[in-house]
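S.K.: Dropping a structure here in structure tokens format, bear with me for questions.
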Amino acid sequence: MSDKHTLLRGISLAAFCLGSGITAHAQVAEPAETVEPAAPIDAEGDPIMRAETVVVQGYIGYRDRTDDTVQTLTYGQDYFQRFEPLTAGDALKRVPSVTFLSDVIESDGARLRGLDPGYTQILINGEKVPGSNADRSFFMDRIPAELIDRVEIVRGATARRSGDAVAGTLNIVLRDGYELDGGYIRAGALRFDDGEVKPSFGGVYGGAFGPGRILLGANVQGRYNPKLKSSLRYGDSPENDPDYRTSEFDNREDQTDTRDGTDYSFNSNYQFDRDGTRMELDGFFVYTDRTEDERSFEYDIPAGVSGPLPDGNLLTDNANVANIEQTNYSVKGKFAQKWSAGETKFKLAFASFDEQVREFEEELDFDVDYDDGEVPVIEGESVRADITDEEFSAELAHEFEFSDTLKFEAGIFFQTKQRDTDISAAEDELDLDTLTGYDQFSETPTQFGLVYADFEAEDGGLSSIEEDRIDIFAVLNGEVGNLDWEAGLRYETTDVSINDRTVDADLQNQSNDYATLLPSAHIKYDATSLDRFTASVARTVRRPNFNFVSPVLLTGEYGDSDLLGNPQLDPENAWGLDVGYERRIGKTGVFGVNVFYRDVKDLIEVVNTGAPSDDYCDEFEDDEGFTCDQALAGDPAALAVYDPNSFVLTPENVGDGQVYGIEFDLSTSLVAFGMENTGVFANLSLLDSKIDDFIGERRFNSQSEYVYNFGFIQELPVYAAAFGVTYRKQGDAYERINSEEVTTSYGADLEIFVEKSIGDSFTIRAVGSNLLNASKDEVFNKFDNEIDQMDRDFDEYELETEEAGPVFQIMARYAF
């Protein structure tokens, strides 16, 4: 049993003894009706937390030290709650090795060990969840933080779970019926930098229901993010000019970008555990209604604002609005029965993610030749995107207990995944004879009434992908003195069917299948009651992005070069090693250090097929009078002038890569220094990697060099109050793909909370976040094609800065 549970049990027992009139010196008889009932307990005999304890904590939450053989870091809600995170992504900003490349004050695609979100396995209650992202990742800002009971970082892969965990696993565990007794309500508001105020309401209840226990929770959360962006762009630079920043100035873009929406969420859980029978039914539902409104102005000077050309300096006026509706839900049932031959476990799960986007972009272009009689023109495009991703899974497993120290479990897992994409677009344009007096600050391009009709599917935009998996696994667990060990095998088979209705009939239906054997082994050794060593080795996989396996040709996807999908892609695979050390500090504190290494094989990289791009072939025919087909067929006259500089690219399994680093984390009180009401927490991750691409050696794309955060919480028991501070910073991230290179830098993030408890059931809390006005700064090196990129012949150099102001919130919680 954990120290936390032991402490809570002691508190509950003391409360019961006091209620019964029991003291250390004497027992005083009391009328029976005044005796308070004992606190309810869970299936392991531990007390269930009362709602008052959640609302009026009176203690500081620390990182939990688990007894799992597989190295797992656990952070309970009490670790996050006082900083009032809005989403699971916000909560993850305080745990080791998690970075983001989101917009400022947003936390969506979690990057464990700094790697692309597709390398991280995201689970909710131990089950995979689908999302709309092509890299199979799930945006963490879809899960409201109010639903969370705890976050688990599983550093090594176990055969009991899917092997899609090259970087590791983030398991978001929602509250269940055995986590809370009683209920509470939460209400408050958030105020943003531009004066906008958004409400926040929620409630949770847990209690006995029939022979088991039930938990119900609901939350309505206003979401808002007003950002300001500014870009400076520079044009062509001389070939091999190292000082390309001094190239000719091209344009400046000023942009407002406002995300405005509301999340509605609900979760429920029912559990029954008695006489060797366990049953659990749970589900969650999240609906998001969101609008993203961008307004951009391009000017022909680095600073200053005036009206449209030809007399002013306004080049273009752009309005881009996207209306987004997302529905995400999951239902799951689990049943387990102990009998003479061991324990049999069975579970069924269904998860669905549905996204509807209605977006239009209209741009008013003033950069025309007025002397030649040209007039401003407005061009617009409307896009309708519907993406549905559904997963159904079933698992049957049986565990044999050979002795108290040796257990064996084997099982079979089945999953079918269906992903349907329907993306279509329509365009319209209009020549404007006169725009006398047009004011870009009081008028918009949307007022000219462009009409969108005859929507047509975009290339690759009308497709279905089905994946059927059957996995078998076996795990052996044992104990030898202070050593716990686990050895496992998982064999995963996958059949993929792809139907793309935007390509020629003979290419529409494609299929692929692959199978992977995934061994794993873990040890946990308690050298002393305070010191623990862990080690794990495991093989994992990363399945291909959906947009890479569709057999469609996307023209101009990489500068002037095209991208041709590859349905025969196999997953990447990696051998991983984690070696860690933990030391207990006092009753609640933990210090940990972990070294990790991943050797990644069959990396999926975009490579050059050697075939000329559509753009080059069009220019070749216009300029030379020959077709690319003639040159490729060996026509001497065509070959004499044939010299392609842009090509058809395709993703393939090529090359290897290595990922490595070291992670430190600390979470402890300062009781050793006489500060029993002060808790500190800190973590630092130093991240690195190596891969060879078409230019040379680089890190894995967009892996930050480091990430750290630290902070403290100070209890003020005399005043029934507390306050705390947390500070976070992540290092630069570099990405290099064909025709573009991006370096991303973030400013630091500072958050502060102050809370006051009133009585045993009410707490009010004020929180300030993004107090340093953190910015996201990006440097773009853009090239026409791969050859220019290798020669460092720049097409465009861009500096972009995005900034958002502080967010203040006040929240009140009342327990009942």
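According to the numbering used here, numbering within the sequence shown proceeds without interruption in unit steps and concludes at 816.
By construction, the Cβ of each residue, glycine as well, lies at the ideal position given by its N, Cα and C atoms.
Tell me whether Val718 sits in a helix, a strand or coil according to DSSP, three-state version.
M.R.: Correct three-state label for Val718: helix.
S.K.: From Ala521 to Ala527, what does the alpha carbon distance come to, in whole angstroms?
M.R.: When rounded, the distance between both Cα atoms is 19 Å.
S.K.: Kindly list the residues whose CB is nearer than 7 Å to the CB of Arg9, restricted to its own chain and excluding five residues on each side of it in sequence; keep chain order.
M.R.: Low per-residue confidence applies at Arg9: pLDDT is 38, beneath 50, and the placement is therefore not dependable, though the value from the model is reported in the following sentence. Here the set comprises Asp46 and Pro47.
S.K.: Go ahead and pull the three-state DSSP assignment for Phe620.
M.R.: If DSSP states are grouped into helix, strand and coil, Phe620 belongs with the helices.
S.K.: Just to confirm, is the Cβ distance from Phe700 to Ala51 under 8 Å?
M.R.: Contact: no.
S.K.: Kindly indicate the opening and closing residues of the beta strand (DSSP E) around Gln326.
M.R.: Its beta strand (DSSP E) spans residues Leu314 to Trp339.
S.K.: Taking 8 Å as the cut-off, decide whether the C-beta atoms of Asp275 and Arg543 are in contact.
M.R.: Not closer than 8 Å, so no.
S.K.: My output table needs one value for Phe297: the three-state DSSP class, helix, strand or coil.
M.R.: Of the three classes helix, strand and coil, the one that applies to Phe297 here is strand, per DSSP.
S.K.: So Met790 is in the alpha helix (DSSP H); what residue range does that whole segment cover?
M.R.: Residues Glu786 to Asp791.
S.K.: How many Å lie between Asp260 and Arg252 at the Cα?
M.R.: Cα-Cα distance, rounded: 26 Å.
S.K.: Among Ile737, Asp389, Gly131 and Ala766, which one has its Cα closest to the Cα of Lys782?
M.R.: Here the closest residue by C-alpha is Ile737.
S.K.: Please report the straight-line C-alpha distance between Phe626 and Ile122, rounded to a whole angstrom.
M.R.: C-alpha separation (whole angstroms): 52 Å.
S.K.: Let me confirm a value: Thr436 is counted as buried when at least 16 other C-beta atoms fall within 10 Å, else exposed. Which label applies?
M.R.: Thr436 is exposed by the Cβ-count criterion.
S.K.: Measuring CB to CB, does Phe83 end up less than 8 Å from Thr494?
M.R.: No, these two residues do not count as a Cβ contact at 8 Å.
S.K.: Ala720: which of Pro40, Ile41 and Gln57 sits nearest, CA to CA?
M.R.: Nearest of Pro40, Ile41 and Gln57 to Ala720, Cα basis: Gln57.
S.K.: Identify which residue in Asp135, Phe620 and Ala157 has its Cα closest to the Cα of Asn645.
M.R.: Of the candidates Asp135, Phe620 and Ala157, the one whose C-alpha sits nearest the C-alpha of Asn645 is Phe620.
S.K.: Consult DSSP for Asn509 and reduce its assignment to one of helix, strand or coil.
M.R.: If DSSP states are grouped into helix, strand and coil, Asn509 belongs with the strands.
S.K.: For Phe596, which of helix, strand or coil comes out of DSSP?
M.R.: Correct three-state label for Phe596: strand.
S.K.: On the three-state DSSP scale, how would you describe Met140?
M.R.: Helix at Met140.
S.K.: Sorted by chain position, which residues of the same chain lie with C-beta nearer than 8 Å to His25's C-beta, five sequence neighbours on each side aside?
M.R.: Because His25 sits at a pLDDT of 33, beneath the cut-off of 50, its placement in the model cannot be relied upon, and the following sentence gives the value as read from the coordinates. Nothing meets the Cβ criterion.
S.K.: Going by the CB atoms, is the gap between Gln789 and Thr99 shorter than 8 Å?
M.R.: In this structure, Gln789 does not lie closer than 8 Å to Thr99 by Cβ.
S.K.: With burial defined as no fewer than 16 other Cβ atoms inside 10 Å of the residue's Cβ, what is the status of Ser230: buried or exposed?
M.R.: Answer is exposed; the Cβ neighbour count stays below 16.
S.K.: Grab me the residues of Tyr642's own chain with a C-beta within less than 6 Å of its C-beta, minus the 5 sequence neighbours each way, in chain order.
M.R.: Answer for Tyr642: Ala631, listed in chain order.
S.K.: Between which two residues does the beta strand (DSSP E) holding Asn482 run?
M.R.: Unbroken run through Asn482: none, as it is neither H nor E.
S.K.: Less than 8 Å between CB atoms is the rule here; does Ser689 satisfy it with respect to chain C?
M.R.: Of the chains in the structure shown, none is chain C; there is only one protein chain.
S.K.: At the level of alpha carbons, what is the spacing between Phe201 and Asn219?
M.R.: Approximately 6 Å, taken between the alpha carbons.
S.K.: Once the 5 residues before and after Asn328 are set aside, which same chain residues still bring their CB inside 6 Å of it?
M.R.: The residues are Arg142, Val286 and Phe353.
S.K.: Is it true that the stretch 377-389 meets the stretch 344-359, where meeting means three or more beta-carbon pairs spaced less than 8 Å apart?
M.R.: Cβ pair count under 8 Å is three or more, so yes.
S.K.: Between Asp531 and the rest of its own chain, which residues show a CB-CB distance below 7 Å, the 5 nearest in sequence each way excluded?
M.R.: Closer than 7 Å at Cβ, skipping near neighbours: Arg583.
S.K.: Can you check whether the CB of Asp193 is closer than 8 Å to the CB of Pro806?
M.R.: A contact, by the Cβ cut-off of 8 Å.
S.K.: Can you find the residues in the same chain that come closer than 6 Å, C-beta to C-beta, to Tyr79, ignoring five residues on each side of it along the sequence?
M.R.: Counting only Cβ-Cβ distances below 6 Å, and skipping sequence neighbours, we find Gly61.
S.K.: Around the C-beta of Tyr797, are 16 or more other C-beta atoms found within 10 angstroms, so that it is buried, or is it exposed?
M.R.: Classification of Tyr797: buried, given that the 10 Å Cβ count is 16 or more.
S.K.: Please state whether the Cβ-Cβ distance between Leu684 and Gly661 is less than 8 Å.
M.R.: No, they are not a contact pair.
S.K.: Is Gly759 buried or exposed, if buried means 16 or more other CB atoms sit within 10 Å of its CB?
M.R.: Its Cβ having fewer than 16 others within 10 Å, Gly759 is exposed.
S.K.: With a cut-off of 8 Å, do at least 3 Cβ pairs link the stretch 131-147 to the stretch 203-221?
M.R.: Because the criterion of three Cβ pairs below 8 Å is met, the stretch 131-147 and the stretch 203-221 touch.
S.K.: For Asp82, name the three-state secondary structure that DSSP assigns.
M.R.: First, the residue type needs correcting, since residue 82 is Arg and not Asp in the sequence shown. Reduced to three states, the DSSP call for Arg82 is helix.
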